[in-house]
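Line order of the protein sequences matches chains A and B. Count along the first sequence from 1, add 53, and you get the number used in the working numbering. Count along the second sequence from 1, add 28, and you get the number used in the working numbering.
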Amino acid sequence: MKKKLKKVLKDFWYGKPHGERRLGDLYIGNTGLYKHREWRGVKDTFYYFNKIWLYNYGGILMDIMRFGGPIIAVKGLLRYRWFGQTYLTALHWFDRGLEGMRGEVLRASAWHYRAMTCETIRQFMHMFRADTRLHGGKKNKWYYKTIMHDETVCGSVFYGYRDRMENIAMQLVPYFVTCHVNNHTVLHYIDAVQSIGLPGDPCPMCQAEAGLLVLDDVPDYSPVMITSNEACDASVATSVLHDWFLNKPLISMTQPMRFNDPLVHEYTMNEIKEAWKFIEEQMGEKPDFDVYVEYTEKYNELTKFEHEKWDVAANTPYYPINGVAQALYRIYYSQVGYREIWAKTDAKVKKILNKCVEQKINTFPMTRHRVLAWSCAPLYFSNWCTWAYNCWGLNVIMNMDSLMFDIVLRTDNEEDALFDLARYHEMAPMRRMAVGGHEHIFEIWENLERFNCDMVMMYDQLQCKGMQGIVGLFEDEFRERNIHAIWMPHALPDKRTVSRAEIRSIINDYMFTVMREEPLDPSLLDFDDIMSW
Amino acid sequence: MRDLKHLIFFDDLLQEANNELVRQAKKEGLRALGYTCYFMPEVLLDLPGCFSVRLRAPRCTSPDVATYYMSGRTCHYGRSLLERALEGGYNFLDAQMATETCTVTCRFQEHLQIMPIIENPDFFCEFTDVPFKKSENGREHYAKQLQAHVLDKLSEKFGIDTSDEAILKAIEQHNEVCRLVTEIGSYRKLDNPTITGHEFSTIMLVSLVCPKHLILPYLRETAEEMKKREPDKKPNWRVKVMVTGSENDDPGFIELIESCGALVVADRFCYGSLPGREEIEVKEGERPLEAVVRHYLDTGQCPRYMEQHEIRGRKQYLAELAKEYKVDGIIVESNKFCEYWSYERVANSLILPRDFNIPVCSIEKEYINTSVGQLRTRFQAFVESIELKKIQEGA
Numbered sequence: 054m055k056k057k058l059k060k061v062l063k064d065f066w067y068g069k070p071h072g073e074r075r076l077g078d079l080y081i082g083n084t085g086l087y088k089h090r091e092w093r094g095v096k097d098t099f100y101y102f103n104k105i106w107l108y109n110y111g112g113i114l115m116d117i118m119r120f121g122g123p124i125i126a127v128k129g130l131l132r133y134r135w136f137g138q139t140y141l142t143a144l145h146w147f148d149r150g151l152e153g154m155r156g157e158v159l160r161a162s163a164w165h166y167r168a169m170t171c172e173t174i175r176q177f178m179h180m181f182r183a184d185t186r187l188h189g190g191k192k193n194k195w196y197y198k199t200i201m202h203d204e205t206v207c208g209s210v211f212y213g214y215r216d217r218m219e220n221i222a223m224q225l226v227p228y229f230v231t232c233h234v235n236n237h238t239v240l241h242y243i244d245a246v247q248s249i250g251l252p253g254d255p256c257p258m259c260q261a262e263a264g265l266l267v268l269d270d271v272p273d274y275s276p277v278m279i280t281s282n283e284a285c286d287a288s289v290a291t292s293v294l295h296d297w298f299l300n301k302p303l304i305s306m307t308q309p310m311r312f313n314d315p316l317v318h319e320y321t322m323n324e325i326k327e328a329w330k331f332i333e334e335q336m337g338e339k340p341d342f343d344v345y346v347e348y349t350e351k352y353n354e355l356t357k358f359e360h361e362k363w364d365v366a367a368n369t370p371y372y373p374i375n376g377v378a379q380a381l382y383r384i385y386y387s388q389v390g391y392r393e394i395w396a397k398t399d400a401k402v403k404k405i406l407n408k409c410v411e412q413k414i415n416t417f418p419m420t421r422h423r424v425l426a427w428s429c430a431p432l433y434f435s436n437w438c439t440w441a442y443n444c445w446g447l448n449v450i451m452n453m454d455s456l457m458f459d460i461v462l463r464t465d466n467e468e469d470a471l472f473d474l475a476r477y478h479e480m481a482p483m484r485r486m487a488v489g490g491h492e493h494i495f496e497i498w499e500n501l502e503r504f505n506c507d508m509v510m511m512y513d514q515l516q517c518k519g520m521q522g523i524v525g526l527f528e529d530e531f532r533e534r535n536i537h538a539i540w541m542p543h544a545l546p547d548k549r550t551v552s553r554a555e556i557r558s559i560i561n562d563y564m565f566t567v568m569r570e571e572p573l574d575p576s577l578l579d580f581d582d583i584m585s586w
Numbered sequence: 029m030r031d032l033k034h035l036i037f038f039d040d041l042l043q044e045a046n047n048e049l050v051r052q053a054k055k056e057g058l059r060a061l062g063y064t065c066y067f068m069p070e071v072l073l074d075l076p077g078c079f080s081v082r083l084r085a086p087r088c089t090s091p092d093v094a095t096y097y098m099s100g101r102t103c104h105y106g107r108s109l110l111e112r113a114l115e116g117g118y119n120f121l122d123a124q125m126a127t128e129t130c131t132v133t134c135r136f137q138e139h140l141q142i143m144p145i146i147e148n149p150d151f152f153c154e155f156t157d158v159p160f161k162k163s164e165n166g167r168e169h170y171a172k173q174l175q176a177h178v179l180d181k182l183s184e185k186f187g188i189d190t191s192d193e194a195i196l197k198a199i200e201q202h203n204e205v206c207r208l209v210t211e212i213g214s215y216r217k218l219d220n221p222t223i224t225g226h227e228f229s230t231i232m233l234v235s236l237v238c239p240k241h242l243i244l245p246y247l248r249e250t251a252e253e254m255k256k257r258e259p260d261k262k263p264n265w266r267v268k269v270m271v272t273g274s275e276n277d278d279p280g281f282i283e284l285i286e287s288c289g290a291l292v293v294a295d296r297f298c299y300g301s302l303p304g305r306e307e308i309e310v311k312e313g314e315r316p317l318e319a320v321v322r323h324y325l326d327t328g329q330c331p332r333y334m335e336q337h338e339i340r341g342r343k344q345y346l347a348e349l350a351k352e353y354k355v356d357g358i359i360v361e362s363n364k365f366c367e368y369w370s371y372e373r374v375a376n377s378l379i380l381p382r383d384f385n386i387p388v389c390s391i392e393k394e395y396i397n398t399s400v401g402q403l404r405t406r407f408q409a410f411v412e413s414i415e416l417k418k419i420q421e422g423a
């Protein structure tokens, strides 16, 4: 009895240890929503409530005030479906990604989520501030000082304008971010573009992007559009719809496909110059090299810290960032480019990382397998890695998208700077591995060794022609190298093609039948969250 | 109309990639160079000492092994090519001159690079990067790429003469082929055309898949024959259409459309002649390679061109062709899983009727002519709708 009481008190104080938890019991049947929050022990529960839940709600309100005020936010809320459907679900997004996390992992991962939330608010508030639709058709000063671009055109291209102008990716917030926060939002856009005759098989991300245009659900916040051929055929093809629906001056800043070829970089450099010339012609502004250097050097600090993080992740068990926070934060900041919030976040995370290393804190103590996630991930279930660790002890150490943009950019002179910027841009998300030759996608083998992983979670994006076109060679190599690989079918933002429950079921089957392992938390094996955000 | 003398022979040549004329050229000691895309200039592969073969996989209905390698969710064309390669159908190739101009054909060609599929010890596969714009930057880039990855490679691996004189000679031969095919195709512009779409498609295809010097005599003879060919007194077609869209190397598909009463008089699709059979002009002071670069970039109408005026110009180009060939409607097709043409098809099927008042039939198809019944119903309905429109307009 005394022992039992001691255990109850211990569980109350520290939270139940991993292996005894039943996180699945927290869900309301058929919804994936929580009956109540998870008890993580006194310290972590209070940390979560104060420093994550309350702090972020406060932060959201503060950010809205800071970046334009409540009136414009409410106008946007009423005008744009993607905003209306996601502002209330934001904290549930935190809950899903941070489920079961404790101690330093909880803290470091939550800072990443906070940074992404802040940057998202900054972006949509700026779009609303410049949006002619929310200002009775009037083109205000913000409109004329904002460059609209494809989300696959990286922010670093516009560093030279950062002292005078703003650049905002057209689709990043409206469907890419919102899909993570509320996976129902994007379905409407996919249906919209299919309703005008597009077949269902092209990349659903591009479909969602095109659907935004079909439904006229993109703020009109810039006189121009800069588009790109990244990352695939569907991205190229979507430009046709950009032109048609936006009907404004548009330039494509294209890149070579075979970017290993030393002959191609000049082409990319000239394409960047052409985009700058276009901005000058249309908006009357030239990039300033000193400003470019200032931002690039700040950004380089982020990259250097990223390398430090990878080093810890690869060689120690002390890495305090969970798989979903690592993946989303890295792709977000590297694509958007330098912003103050990333530097602040990295400073906080650095302290946590140093603490973990110095004190040798085993951050994921129940790790059974170190997993490398490869190819493109399901947006509607990016938190699968949180689930996989809680349920099976599968710890996602690194993912393919995080390894993009892996260059410290030179700033010593304009020519070198432009060369590096071109190289950087050539290695954008999805391009870095997916195009330019099979050797890139097969960098998986080096990275398995580099990050000391013993298992691969092979994302099987059913509508990605580049990945589908090479599946057999992966199968052959997995067999040849005797690597455990789980193929995870999905359709990026479209959960209707392969649901989250089906994804879990595939992983469960592999773990039971091939690995012959038992779950750490059986309550998480099977639950219906089809209606969940 | 009287049958064309060589049509059955042409048809036989299309039954397999390693056809009679290809075998003959190989016996002559010429190097066979495969390619898949218009952006790999065939004229550079037809330099003295080698010849081009644009790859097809006729009659490949079930690419089972290729589906293991490339899954069932990629374009049937790419998979069929791989299947044919795995069957040994391309073992005659000495090289594959590849482009990453669409994802699936790129992946197919990468399989040729990675796996020991082609049983030819000399075989190699070399990729050329192709720009997405017709700009000056695009031209310079394309020229550098063709020099390094086509001309230099051919010279290095097979000792092919890639001098300006050799290129000029290849251009001369190429231009004769283009002149003849264009002349034969021009009979499609007549009010009562003296050539069917199926016949023209067959002739166009043989000009792509056979060694030029061996097919030329047949083309010359056919062009002569066409001069005297009389049309049927009573046309057996009800409307004239243009076909535009993604890869189509199956004359059977054109035949299917024509069996529904729609004569195909213009072919704006990959493996078609619009564009594809324009002569290369070498301007004064211009190097032959520069002329080739300019020609292929400028004539291309591929949806991978991303400049704003090109995106819009493609619709205008179709409208102009429609006028020139006096078509009553346009069939816009895309192969299943072809991303470029899925989007382009949507845009075409909405913009062409709205802005140019041209009726459009939008269809999705497989590489090999399947679902014939469904397609026939669509084409018949399209023909009827055009006829009804004509009646309503009092034509």
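Note that CB positions come from ideal geometry on N, CA and C, so glycine has one too.
Taking a beta-carbon distance threshold of 7 Å, A/Q521 counts as an interface residue toward chain B. Listed as beta-bridge partners of A/D513 by DSSP are A/P542. Here DSSP, grouped into helix, strand and coil, assigns A/D582 to coil. Scanning A/H543, A/A161 and A/R74 for the CA closest to the CA of A/N407 turns up A/A161.
Within the segment 311-335 of chain B, P331, R332, M334 and E335 place their CB atoms closer than 8 Å to a CB of chain A, listed in sequence order. Listed along chain A are K518 and G522, each with a C-beta nearer than 9 Å to that of B/G106. If one requires a minimum length of 3 residues, the beta strand (DSSP E) runs lying completely within the segment 291-344 of chain A are 303-305, in chain order. The C-beta of B/A375 comes closer than 7 Å to at least one C-beta of chain A.
A Cβ-Cβ contact shorter than 7 Å links B/G62 with B/L83. The C-beta distance from B/Y395 to B/Y105 rounds to 4 Å, short enough to meet the 8 Å contact threshold. Within chain A, the residues whose beta carbon sits less than 7 Å from that of B/D157 are P309, M310, R311, D314 and V317, listed in sequence order.
Residue burial annotation: B/E154 is buried, with at least 16 other C-beta atoms found within 10 angstroms of its C-beta.
Out of A/I221, A/F434, A/T420 and A/F331, the CA that lies nearest to the CA of A/T369 is found in A/T420. Nearest neighbour of A/L577 by Cα position, chosen from A/R557, A/L251, A/S209 and A/W540, turns out to be A/R557. Here A/L58 is exposed: its Cβ has fewer than 16 other Cβ atoms, across all protein chains shown, within 10 Å. Under the 8 Å Cβ criterion, the segment 187-198 of chain B does not count as touching the segment 223-233 of chain B, having fewer than three qualifying pairs. If you draw a straight line from the Cα of B/E312 to the Cα of B/A319, it comes to about 10 Å. One alpha carbon belongs to A/G94, the other to A/A143, and they sit about 24 Å apart. Within 8 Å of the CB of A/E327, the CB atoms of chain B belong to S163 and N165, in sequence order along the chain.
The three-state reading of DSSP puts A/G94 in coil, since its state is none of H, G, I, E or B.
A straight-line Cα-Cα distance of about 41 Å links A/Q379 and B/T64. Between A/Q516 and A/A470, the CB-CB gap reaches or exceeds 7 Å. By the Cβ-count criterion, A/R74 is buried, with 16 or more other Cβ atoms from all chains shown falling within 10 Å of its own Cβ. Under the 7 Å criterion on CB atoms, B/T102 is classed as interfacial with respect to chain A. Taking one beta carbon from each stretch, the segment 275-291 of chain B and the segment 333-351 of chain B have fewer than 3 pairs nearer than 8 Å; the two do not touch. Residue range R484 to A487 is occupied by the alpha helix (DSSP H) that includes A/R484. Under the three-state reduction of DSSP output, A/L577 falls in the helix class.
One alpha carbon belongs to A/N193, the other to A/A183, and they sit about 6 Å apart. Counted as a single uninterrupted DSSP element, the beta strand (DSSP E) harbouring B/K393 occupies residues V388 to K393. Below the 8 Å Cβ cutoff, chain B contributes T131 and E367 as neighbours of A/C285, in chain order. Scanning chain B for C-beta atoms nearer than 7 Å to the C-beta of A/N282 yields F160 and M334, reported in chain order.
Residues of the segment 135-149 of chain B with a Cβ closer than 7 Å to any Cβ of chain A, in chain order: R135, E138 and I142.
Interface annotation, B/M68: not in contact with chain A, CB-CB separation never under 7 Å.
Between A/A400 and A/M510, the gap from beta carbon to beta carbon reaches 7 Å or more. Using beta-carbon distances, B/M98 counts as an interface residue toward chain A, with a partner under 7 Å. Beta-bridge partners of A/H202 (DSSP): A/A222 and A/I279.
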